[in-house]
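Q: For reference, the structure I am asking about is given below.
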Amino acid sequence: MQQTSKRVLAIAMGVAAAAVAGVAQADTSDSRIALSNNYAGNSWRQAMLRSWEKVGSAAVADGVVAAADAFTTAENQVTEQAAQIQNLILQGYDAIVINAASPDALNGAVQEACDAGITVVSFDGIVTAPCAWRIAVDFKQMGKDEVLYLADRMPQGGNLLEIRGLAGVFVDDEISAGIHEGAAENPQFTVVGSVHGDWAQDVSQKAVAGILPSLPQIDAVVTQGGDGYGAAQAFRAAGRSTPLIVMGNRHDELTWWKEQKDETGYETMSVSIAPGVSTLALWVAQQVLDGQDVPKDLVVPFLRIDQDNLEENLANTEPGGVANVEYTLDDAKAVIAEAM
Amino acid sequence: MNAVLLSPRVLRSLLPAVSLVALLAAIFYLQPRAMSYLGLNLLLNLALPIAFATIAQMCVITVNDLDLGIGTFVGLVACIGATWLRDTPLLGVAALLACVAGYAALGALIHLRNLPAIVVTLGMSFVWLGLALLVLPTPGGKVPDWIRAVMTFKTPGVPFAIYASVALAAIVHVGLMRSAYGVVLRGAGGNPRSVARAGWSLLRTKVTMYALAGVFGVLSGLSLIGLTTSADANIALRYTLLSIAGVILGGGEFVGGRVSPVGAVIGAATLTLAGSFLSFLRISPDWQIGAQGAILIVVLALRVLINRLGTRR
Numbered sequence: 002m003q004q005t006s007k008r009v010l011a012i013a014m015g016v017a018a019a020a021v022a023g024v025a026q027a028d029t030s031d032s033r034i035a036l037s038n039n040y041a042g043n044s045w046r047q048a049m050l051r052s053w054e055k056v057g058s059a060a061v062a063d064g065v066v067a068a069a070d071a072f073t074t075a076e077n078q079v080t081e082q083a084a085q086i087q088n089l090i091l092q093g094y095d096a097i098v099i100n101a102a103s104p105d106a107l108n109g110a111v112q113e114a115c116d117a118g119i120t121v122v123s124f125d126g127i128v129t130a131p132c133a134w135r136i137a138v139d140f141k142q143m144g145k146d147e148v149l150y151l152a153d154r155m156p157q158g159g160n161l162l163e164i165r166g167l168a169g170v171f172v173d174d175e176i177s178a179g180i181h182e183g184a185a186e187n188p189q190f191t192v193v194g195s196v197h198g199d200w201a202q203d204v205s206q207k208a209v210a211g212i213l214p215s216l217p218q219i220d221a222v223v224t225q226g227g228d229g230y231g232a233a234q235a236f237r238a239a240g241r242s243t244p245l246i247v248m249g250n251r252h253d254e255l256t257w258w259k260e261q262k263d264e265t266g267y268e269t270m271s272v273s274i275a276p277g278v279s280t281l282a283l284w285v286a287q288q289v290l291d292g293q294d295v296p297k298d299l300v301v302p303f304l305r306i307d308q309d310n311l312e313e314n315l316a317n318t319e320p321g322g323v324a325n326v327e328y329t330l331d332d333a334k335a336v337i338a339e340a341m
Numbered sequence: 002m003n004a005v006l007l008s009p010r011v012l013r014s015l016l017p018a019v020s021l022v023a024l025l026a027a028i029f030y031l032q033p034r035a036m037s038y039l040g041l042n043l044l045l046n047l048a049l050p051i052a053f054a055t056i057a058q059m060c061v062i063t064v065n066d067l068d069l070g071i072g073t074f075v076g077l078v079a080c081i082g083a084t085w086l087r088d089t090p091l092l093g094v095a096a097l098l099a100c101v102a103g104y105a106a107l108g109a110l111i112h113l114r115n116l117p118a119i120v121v122t123l124g125m126s127f128v129w130l131g132l133a134l135l136v137l138p139t140p141g142g143k144v145p146d147w148i149r150a151v152m153t154f155k156t157p158g159v160p161f162a163i164y165a166s167v168a169l170a171a172i173v174h175v176g177l178m179r180s181a182y183g184v185v186l187r188g189a190g191g192n193p194r195s196v197a198r199a200g201w202s203l204l205r206t207k208v209t210m211y212a213l214a215g216v217f218g219v220l221s222g223l224s225l226i227g228l229t230t231s232a233d234a235n236i237a238l239r240y241t242l243l244s245i246a247g248v249i250l251g252g253g254e255f256v257g258g259r260v261s262p263v264g265a266v267i268g269a270a271t272l273t274l275a276g277s278f279l280s281f282l283r284i285s286p287d288w289q290i291g292a293q294g295a296i297l298i299v300v301l302a303l304r305v306l307i308n309r310l311g312t313r314r
């Protein structure tokens, strides 16, 4: 009896699911979307591809789109990706989602795609061709948000240590500019030291250990991601009290934070870009194909982890990986509405 | 007649063309959409800059040297083309001429000091890359409109890239394989001593071939930005190895003097198509480089087989 009722329930749910899918099934059920990716050699990109695979195959199963295939170039080279995009045009995809090797040098191939009536959506590594959509990351805002959080947490202000990323990369300049802008607007904070941690825990630990003896008391550390755990280790090795360290969603950082939270009630926040942004691009492409009015420039929401949702996010993060979130069609609609 | 057709020499020179046709047929079978003007254009337009780079490489291989800097040189040209050539055409042209002169000087240096070309050109590859970064520190710039117009010109019948490739192959073939001085140039690579004894200046042949390599490198860079519309210092790093593979695939050999301009252009097209073919087959990118290598090995193995056939007779 119970068996039967379960089956009935399952059928009912199946019907309901089909009905929901039916709503989303507009003009895009025949559309094929391709992902053109230039690099797959780190955990962030691997997670990005897995998210695409997961959400893409679900979208295909639900009949929202006909195909969502991922292509990665064999080498991280502009000419390879240009050829790849031209091949995708030939393969008759309706939309091409791009994480680009170069912001400018793919514009010729992107223009070919646009001329062939193909929707081009770029994300993370965006392209500047005017006919393409861009889902960019506001790294400057990310840096500023860190200081705003600190202003909230410690209204009395204090000394900040800044850990920067890889010198010469625009992401590093942007985040740092945001941090300094935030500090300028909140004069109770002073950036007393700045080191380059190259977004790597070991480099950060060495860099922080090197500068610490010359610094006064540090109240908080502003970071760029991939460097918070190393900074914490350096503070401990120097025998200093652990300041508030802003984390960057890496598994080791979240694990350390969880340990401190359980032991001493340590409070901080963590912010970075989720690799699942590829799925946001997928839905944006679907919305464009659906005939929706989508602005050309969209902004990726940050994935922010706070004290109360730490455990949940840590459980969903693979060891050695980055906290991830897969976006839904509704998330994409919200992002689009915000940019209107 | 039959014997002539089946002679190893003819078979050998036909091999590059046969590989190209086979690959093209396979692509048309996999993706019938490619069998159109637009399709051929998308498949082959990126082959033209590679063909220019391959011919540049062939010039150097002709005099029994190897150029490991052509990829970054093409990148430098692309950066100059997308910045100075557009904003201040005079400065741009002067800079490109200086690039060619630099290549010629490289040939003189290698000959006079008797330096290994591999080392010199590898060293120069870093110089070219550094200069490119100085000209264009971050990717960008814009191609001059006339280059874009030439590269996107809609020729009747078949796409521009095919006309240009055929013209390139024909011109270089006549110059290097049919002209009297062409024989001397090839001889300078194949048997430098006898060419020198016959009273020809080896320095002059080296400088000529390196200067020609520079000219074709410039053409490669300009045609590349004509397609991409803007430049990036790292845009053509792959061209170094692609150009060497193209020359060898097209029937050239590392011994100097034994080259085939027509084969080199076909080799460049074959390499470009091989990438598309593998992508249409949906081979995982992890395997693509290996598969590309496998295609190369198959063609070269066929060549060895034909050679062996010849010696047996």
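Chains as they are written, first to last, in my numbering: chain A, 2 to 341; chain B, 2 to 314.
Cβ coordinates follow ideal geometry from the N, Cα and C atoms, glycine included.
Just how far apart, CA to CA, sit B:GLY332 and B:VAL184?
A: With chain B running from 2 to 314 in the structure shown, residue 332 of chain B is simply not present.
Q: Tell me, please, whether the segment 167 to 183 of chain A touches the segment 229 to 238 of chain A by the rule of three or more beta-carbon pairs shorter than 8 Å.
A: No, they do not touch.
Q: At what residue ranges does the segment 63 to 92 of chain A contain a whole run of the beta strand (DSSP E), taking only runs of 3 or more?
A: The segment 63 to 92 of chain A contains these whole beta strand (DSSP E) runs: 68 to 73.
Q: Compare the C-beta of A:PRO296 with all C-beta atoms of chain B and state if any pair is closer than 8 Å.
A: It does not: the Cβ of A:PRO296 has no partner Cβ on chain B nearer than 8 Å.
Q: Which residues of chain A have a Cβ atom closer than 8 Å to the Cβ of B:ALA1, listed in chain order?
A: Outside the displayed span of chain B (2 to 314) sits residue 1 of chain B, for which this structure offers no information.
Q: Could you check where the alpha helix (DSSP H) with B:SER126 kicks off and where it finishes?
A: Note, B:SER126: alpha helix (DSSP H), 118 to 136.
Q: Quick one: which chain A residues come within Cβ less than 9 Å of B:PHE281?
A: Correct list: ASN88, LEU91 and GLN92.
Q: Taking the alpha-carbon positions, what's the B:HIS174 to B:VAL61 distance?
A: Each residue's Cα considered, the two are about 15 Å apart.
Q: Going along chain A, which residues have a C-beta under 9 Å from B:PRO145?
A: The premise fails here: B:PRO145 is roughly 14 Å from chain A at the closest Cβ pair, so nothing lies under 9 Å.
Q: Can you name, in chain order, every residue of its own chain whose Cβ lies under 6 Å from the Cβ of A:PRO308, other than the five neighbours on each side?
A: Here residue 308 of chain A is Gln; the residue named in the question, Pro, does not match the sequence. GLU268.
Q: I'd like to know if the segment 119 to 133 of chain A and the segment 244 to 251 of chain A are in contact, where contact means that at least 3 CB-CB pairs between them fall below 8 Å.
A: No, the segment 119 to 133 of chain A is not in contact with the segment 244 to 251 of chain A.
Q: Answer with yes or no whether the minimum CB distance from A:GLY42 to chain B is below 8 Å.
A: No, its Cβ sits nowhere closer than 8 Å to a Cβ of chain B.
Q: Would B:ILE236 count as contacting chain A if we go by Cβ distances under 8 Å?
A: Output row for B:ILE236: interface = yes.
Q: Nearest CA to the CA of B:GLY142: which residue from B:LEU135, B:THR84 and B:LEU132?
A: B:GLY142 has its Cα closest to that of B:THR84, out of B:LEU135, B:THR84 and B:LEU132.
Q: With a 10 Å radius around its C-beta and 16 neighbouring C-beta atoms as the bar for buried, classify B:MET59 as buried or exposed.
A: Flag for B:MET59 reads buried.
Q: Here's the rule I'm using: 16 or more other beta-carbon atoms within 10 Å means buried, otherwise exposed. How should B:PRO140 be labelled?
A: So B:PRO140 ends up on the buried side.
Q: Below 7 Å on C-beta distance, what does B:ALA35 contact in chain A?
A: LEU91, listed in chain order.
Q: Which term fits B:ALA150, buried or exposed, when burial requires 16 or more other beta carbons within 10 angstroms of its beta carbon?
A: That one is exposed.
Q: Of the residues that make up the segment 263 to 280 of chain B, which ones have a beta carbon closer than 8 Å to any beta carbon in chain A?
A: Per Cβ criterion, the list reads THR273, GLY276, SER277 and SER280.
Q: What residue from B:GLY291, B:ALA270, B:ILE290 and B:PRO50 has the CA that sits closest to B:ILE23's CA?
A: At residue 23 of chain B the sequence reads Ala, which differs from the Ile that was named. Per the Cα distances, B:ALA270.
Q: Spell out a yes or no on whether the segment 69 to 88 of chain A and the segment 107 to 114 of chain A are touching, meaning 3 or more CB-CB pairs, one atom from each, closer than 8 Å.
A: Output reads yes: the segment 107 to 114 of chain A touches the segment 69 to 88 of chain A.
Q: Pull out every residue of the segment 128 to 140 of chain B whose Cβ sits closer than 8 Å to any Cβ of chain A, in chain order.
A: For the segment 128 to 140 of chain B, which is checked against every Cβ of chain A, the residues closer than 8 Å are THR139 and PRO140.
Q: Got a sec? Which residues, its chain only, sit under 6 Å from B:PRO50 by beta carbon, not counting five neighbours each side?
A: Excluding positions up to five away in sequence, the list reads SER221, SER224 and LEU225.
Q: Does the beta carbon of B:PRO286 come closer than 8 Å to any beta carbon on chain A?
A: True, the Cβ-Cβ gap to chain A drops below 8 Å.
Q: Check distances from the C-beta atoms of the segment 15 to 44 of chain B to those of chain A and list, in chain order, the residues that come in under 8 Å.
A: So the close ones are GLN32, ARG34, ALA35, LEU39, GLY40, LEU43 and LEU44.
Q: Between A:GLU312 and chain B, is the shortest Cβ-Cβ distance under 8 Å, so that the two count as touching?
A: With 8 Å as the cut-off, A:GLU312 does not count as an interface residue toward chain B.
Q: Where in the segment 232 to 270 of chain B do unbroken runs of the beta strand (DSSP E), each at least 3 residues long, occur, reported from the N-terminal end onward?
A: Correct list: empty.
Q: Quick check: the Cα distance between B:GLY70 and B:THR63, rounded to an integer number of angstroms?
A: The straight-line gap from Cα to Cα measures roughly 16 Å.
Q: Tell me whether B:ASN42 is buried or exposed, calling it buried when 16 or more other Cβ atoms sit within 10 Å of its Cβ.
A: Buried, because 16 or more other Cβ atoms sit within 10 Å of the Cβ of B:ASN42.
Q: Select from the segment 48 to 80 of chain B all residues with a C-beta closer than 7 Å to any C-beta belonging to chain A, and list them in chain order.
A: Cβ contacts with chain A: none found.
Q: Starting from the Cα of A:ILE86, find the closest Cα among A:ASP63, A:ALA67, A:GLY158 and A:ILE119 and give me that residue.
A: Comparing Cα positions, the closest option is A:ILE119.
Q: Given a cut-off of 8 Å on the beta-carbon distance, is the pair B:ALA54 and B:VAL75 in contact?
A: Yes.
Q: Kindly say whether A:GLN85, judged by its beta-carbon, lies nearer than 8 Å to any beta-carbon of chain B.
A: Answer yes: the Cβ-Cβ gap between A:GLN85 and chain B drops below 8 Å somewhere.
Q: Determine the chain B residues that contact A:PHE72 at a beta-carbon separation under 9 Å, and present them in chain order.
A: What A:PHE72 touches in chain B: SER280, ARG283 and PRO286.
Q: Which complete alpha helix (DSSP H) runs does the segment 196 to 269 of chain A hold, if anything under 4 residues is left out?
A: Those alpha helix (DSSP H) runs which fall completely within the segment 196 to 269 of chain A and span 4+ residues are 202 to 212, 229 to 238 and 252 to 265.
Q: Just mark B:ASP233 as buried or exposed, buried being the case when its beta carbon has 16 or more other beta carbons within 10 Å.
A: Buried, by the Cβ-count rule.
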